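The block underneath contains the structure these notes are about, expressed in structure tokens.
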Amino acid sequence: MAQNGLASRLYNGEAGLNVVGKRKVWFGVAGVLILIALLSFGLRGFSLGIEFAGGNSFQVPASVGTLEDAEREVNSALATENTGVEVVTAQKVGGTGGDTYELRTAQLDADQTTAVKAQIAEDLGIDAGQISSNQVSEAWGSQVTERAVLGLVIFIALVMVYLILRFEWRMAVAAVASLITNLILTAGIYSLVGFEVTPSTIIGFLTILGFALYDVVVVFDKVQENTRGITANNNQTYGEAANLAVNQSLMRSLNTSVVALLPVGGLLFIGAGLLGAGTLKDLGLVLFVGMAVAFLTSILVATPLLALLKNYDPRIQAHNKRVLTRRGALARGEVTPKGAASPAQADATDEPLDPDAAALAGAAPKVGARPAGKRPTGARGGRPGGGGNRPGGAKRR
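The numbering of the sequence shown is the UniProt record's numbering, which starts it at 1 and goes up by one.
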């Protein structure tokens, strides 16, 4: 029973999942999710960190109490100074001087920053020198975004060139479409859930592109292996061969994704959740979401899209038509599968006899024929009469 389970069949590439054949379903689901993501971009936008939106951050020592206590006192100081803003995010961060609480607010001018800092120190009962503050302009975030977009364009261009040289242009188009889908869906999750976008998030976005590309190349390599010389036989369509490749590489892709997600999950849940390393949360979160989405897009988007593009190739169209025509003839009994006919009916089969089999058939003796070999040398066999050296073969008188 265990040997015939789904895990065993996945491991052996025998699950028979019809991934390519249901490409309309996957494309429909992907299209709906992309539409939702785009609507969220326009309606909700992103929760930008102070590096992109601009703002101030205040660091207070963790010895003042809990994070909630520090956030409450900072909000009270902001209200006392009539700044009209409040704490946007609060997190615990580690440093050489010990743990601190970092509380971020919207943009404040220099006078407001000084006044709020003094008020926080008074409310918490600590020296103002123990509180540090930083001001970040949104121009810095704009520069980071421009560099990230430039890096993304260069990466995609290099990926296109590599995949065209390694495989073909249709595989390059399918792979890049899968990468873009991955980015849009990951960004959509950030927009819908409201995760904060920081420079670490941008770095994570660029990092998941490499993982997504690796997963796609693994599947495409198997597709190329299965479809090499496919037009020379009439057994499989291109889509069926590509679907077989997906099934054969599915377990490998799953194992790779799980192995990659485990350390990222540790970085996210242990480093950020238990140890309170806020900077690790931003990086680990986008990696975890992006890698999970990359596994799905590489299987459900890349290969089905490749099969769709290949079906527009006239050579593949003709091949698929031959395969389907042959199957229809077999189903109607108009063509006998190879090996099912007798030698006398070999010329009626849809495929020629194997050359070795034909040679063996020609060499086989006919029914009732004399066995091949050295002919007897007697009088009837063409040998001169007489006993020769035959025992007891003395000349009769």
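Ideal Cβ placement from N, Cα and C applies to all residues, glycine included. Computed from a predicted model, the values in this text were never measured in an experiment.
**Report entry** Element boundaries [alpha helix (DSSP H), containing residue 105]
**Finding:** Element bounds for residue 105: not the alpha helix (DSSP H) but the beta strand (DSSP E), 100-105.
Query raised in the report: Assuming residue 76 and residue 109 make a contact with CB atoms under 8 Å, what is their CB distance in whole Å?
Result: That pair is no contact at about 20 Å.
Query raised in the report: Does DSSP put residue 351 in a helix, a strand or coil?
Result: In this prediction, residue 351 scores a pLDDT of 41, lower than 50, which makes its location untrustworthy; the coordinate-derived value is nonetheless stated afterwards. If DSSP states are grouped into helix, strand and coil, residue 351 belongs with coil.
Query raised in the report: Helix or strand or just coil, what does DSSP make of residue 300?
Result: helix
Query raised in the report: Just how far apart, CA to CA, sit residue 288 and residue 264?
Result: 6 Å
Requested in this report: Please name the residue or residues paired with residue 56 in a DSSP beta bridge.
Outcome: 105 and 135
Query - Whole-angstrom distance between residue 174 and residue 19, CA atom to CA atom - result: 15 Å
Query raised in the report: Is residue 225 helix, strand or coil when you go by DSSP?
Result: helix
Query raised in the report: Can at least three beta-carbon pairs, one atom from the region 209-216 and one from the region 295-311, be found at a separation below 8 Å?
Result: yes
Requested in this report: Counting only the same chain and skipping the five closest in sequence on each side, list residues whose C-beta sits under 7 Å from that of residue 39.
Outcome: none
**Report entry** Rounded Cβ spacing between residue 105 and residue 86 (contact assumed at less than 8 Å)
**Finding:** 7 Å
Query raised in the report: Do residue 291 and residue 330 have their CB atoms nearer than 8 Å?
Result: no
Query - Reduced DSSP secondary structure (H/G/I, E/B, other) of residue 66 - result: coil
Query raised in the report: What do you reckon, are the CB atoms on residue 246 and residue 219 nearer than 8 Å?
Result: yes
Report task. Report yes or no: do three or more beta-carbon pairs, one from the region 38-57 and one from the region 174-188, lie closer than 8 Å? Result -> yes
Query - Helix, strand or coil at residue 196 [DSSP, three-state] - result: strand
Query raised in the report: Quick one: Cα of residue 316 to Cα of residue 153, how far?
Result: 32 Å
Requested in this report: Within its chain, find whatever has a CB closer than 7 Å to the CB of residue 285; leave out the 5 residues flanking it on each side and keep chain order.
Outcome: 195 and 268
Report task. Spatial neighbours of residue 177 within its chain, please: CB distance less than 8 Å, with the 5 preceding and 5 following residues excluded, ordered by chain position. Result -> 301, 302 and 305
Requested in this report: Go ahead and label residue 100 buried or exposed: buried means 16 or more other beta carbons lie within 10 angstroms of its beta carbon, across all protein chains shown.
Outcome: buried
Requested in this report: Grab the span of the beta strand (DSSP E) containing residue 264 for me, first residue to last.
Outcome: Element bounds for residue 264: not the beta strand (DSSP E) but the alpha helix (DSSP H), 238-265.
Query - Residue burial classification, residue 147 (beta-carbon count within 10 angstroms, cutoff 16) - result: exposed
**Report entry** DSSP-derived helix/strand/coil call for residue 341
**Finding:** Its pLDDT being 48, under 50, residue 341 is placed unreliably in this model, and the coordinates cannot settle the point.
Query raised in the report: Thinking just about the alpha-carbon of each residue, which of 57, 68 and 72 is nearest to the one in residue 102?
Result: 57
Report task. Would you mind working out which of 21, 221, 117 and 54 sits nearest residue 171, comparing C-alpha positions? Result -> 221
Query raised in the report: Do the region 44-61 and the region 129-149 make contact, defined as three or more Cβ pairs closer than 8 Å?
Result: yes
Query raised in the report: Which residues bound the alpha helix (DSSP H) around residue 317?
Result: 314-332
Query raised in the report: Would the beta-carbon of residue 197 fall within 8 Å of that of residue 46?
Result: yes
Query raised in the report: Quick one, which of 235, 266, 281 and 310 has its alpha-carbon nearest residue 328's?
Result: 235
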